[in-house]
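According to this note's numbering, the stretch in the sequence shown is residues 53 to 330, in order.
Think of the CB as a built atom: it goes at the ideal place given N, C-alpha and C, for glycine as much as any other residue.
The next block holds one structure in the form of structure tokens; read it before the comments.
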Amino acid sequence: VAGRAYDPSPYAAFCMMHDIEPGIYWHMAKIMECGALCAEPKGAVMLATVRKDSFDLEPMAPNARCTIVSVAAHTLYEKSRPDLLAGPGGVLDLKDSRYKQINERVVRVSGSKFRKSANYQIKLEGAAVMGYRCICIGGIRDPILIAQIDQFLDQIRAFLGMRYPELQSGTAKLQFHIYGKNAVMGPHEPMKDFVPIEIGILIEATAETQESANAICSMARIAVLHAPYPGQLATGGNLAIPLNPPDNPIGPVFRFSIYHLMEVASPLKNFPICIMEV
């Protein structure tokens with residue numbers, strides 16, 4: 053339960069019982085929560101040997117090793133900044149952390165500090181259903197269509213917007229993820245002029261009901277499959293669809309509805325502990 057509330061908790065809790073410096077055990081715990089992600093090559097299992105003022109990291113895979121760079125670089129993982137890591141009750145300060153290569157596979161870390169906050173805060177997270185989703189996956193190999201795919205899909209969006217008022221009002225949403233072009237990075241893709249030989253399209257419809265999402269996705273698929281475009285030569289269908297049925301309702305879609313910090317008088321009062329013997 054503690055681990056699900058805050059991933060480093062189980063590792064930190066054991067060290068708290070043995071009078072380890074908080075900066076040391078929180079830094080160790082923030083690494084250990086990811087297993088052997090900081091090893092080269094990354095793996096699943098890591099051994100941490102913790103002392104009062106330092107800890108050693110050794111991957112359990114015999115072909116893996118930890119290096120100063122691989123361990124230090126782990127603080128870049130899912131962090132807004134690598135030197136100050138906020139957590140329950142304070143901030144992990146890594147500005148003075150030191151990394152030493154003990155042998156070919158082991159790195160020792162020391163110097164990390166934990167700065168207590170003036171007021172203890174806990175993070176509140178919650179999710180709410182924002183609608184229902186239906187998807188369709190297909191591929192395009194026609195270079196004539198690929199060269200004008202953005203304009204083509206803009207026409208599809210406009211067509212669907214006229215058929216489904218909920219798309220215009222914002223209560224429903226239609227997205228085309230173009231794999232091979234910019235599906236991963238979107239507008240941040242630096243190779244904007246690259247023209248692939250084929251693309252994959254994930255059609256994603258989200259609406260207030262599953263039935264509405266299904267209908268929008270189905271109509272979008274039909275439009276992409278059969279809509280004309282300038283220079284068209286192949287009229288048998290624009291989209292190669294690998295799955296049958298082509299449209300796949302995948303259920304509710306969630307969004308963060310609560311994502312806040314709350315100041316509390318005690319870190320324990322809101323989390324009563326009950327021990328039962330069975």
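Query	Result
Buried versus exposed call for G142 [16 or more other C-beta atoms within 10 Å across all chains shown]	buried
Distance between L136 and D145 (C-alpha atoms, nearest Å)	5 angstroms
Which of helix, strand or coil DSSP assigns to F246	coil
Spatial distance of I196 from P111 (CA atoms)	51 angstroms
Whole-angstrom distance between V305 and S270, CA atom to CA atom	18 angstroms
Exposure of A257, with buried meaning 16 or more beta-carbon neighbours within 10 Å	buried
Length at least 4, wholly inside the region 171-252: the alpha helix (DSSP H) runs in chain order	195-198, 201-215, 217-221
CB-CB length for R273 against C188, believed under 8 angstroms	5 angstroms
Buried/exposed call for A116, threshold 16 Cβ in 10 Å	buried
CA-to-CA distance, C118 to A267, given in whole angstroms	52 angstroms
I327 in three-state terms, based on DSSP	coil
Within the region 68-123, ranges of the alpha helix (DSSP H) (whole runs, at least 4 residues)	74-84
Whole beta strand (DSSP E) elements within the region 267-318, 3-residue minimum	299-315
Contacts around H79, its chain only, beta-carbon distance under 8 angstroms, and the 5 residues preceding and following it disregarded	F107, L144, L146, S149, V161, S164
Q8 - partner residues in DSSP beta bridges	This structure cannot speak to residue 8, because the chain is shown only from 53 to 330.
When E329, N322, S318, M328 are compared against A170, the one with the closest alpha-carbon	S318
Reduced DSSP secondary structure (H/G/I, E/B, other) of E256	strand
Y63 Cβ short of 7 angstroms to the ligand HEM heavy atom set	Only the bare structure without any ligand can be found here, which leaves the ligand HEM out of the picture.
Spatial neighbours of I310 in its chain, beta-carbon cut-off 7 angstroms, leaving aside the 5 residues before and after	L176, E177, G178
Closest by C-alpha distance to V123, when choosing among R133, L109, K131, R209	L109
Cβ neighbour criterion (16 or more within 10 Å) applied to H70	exposed
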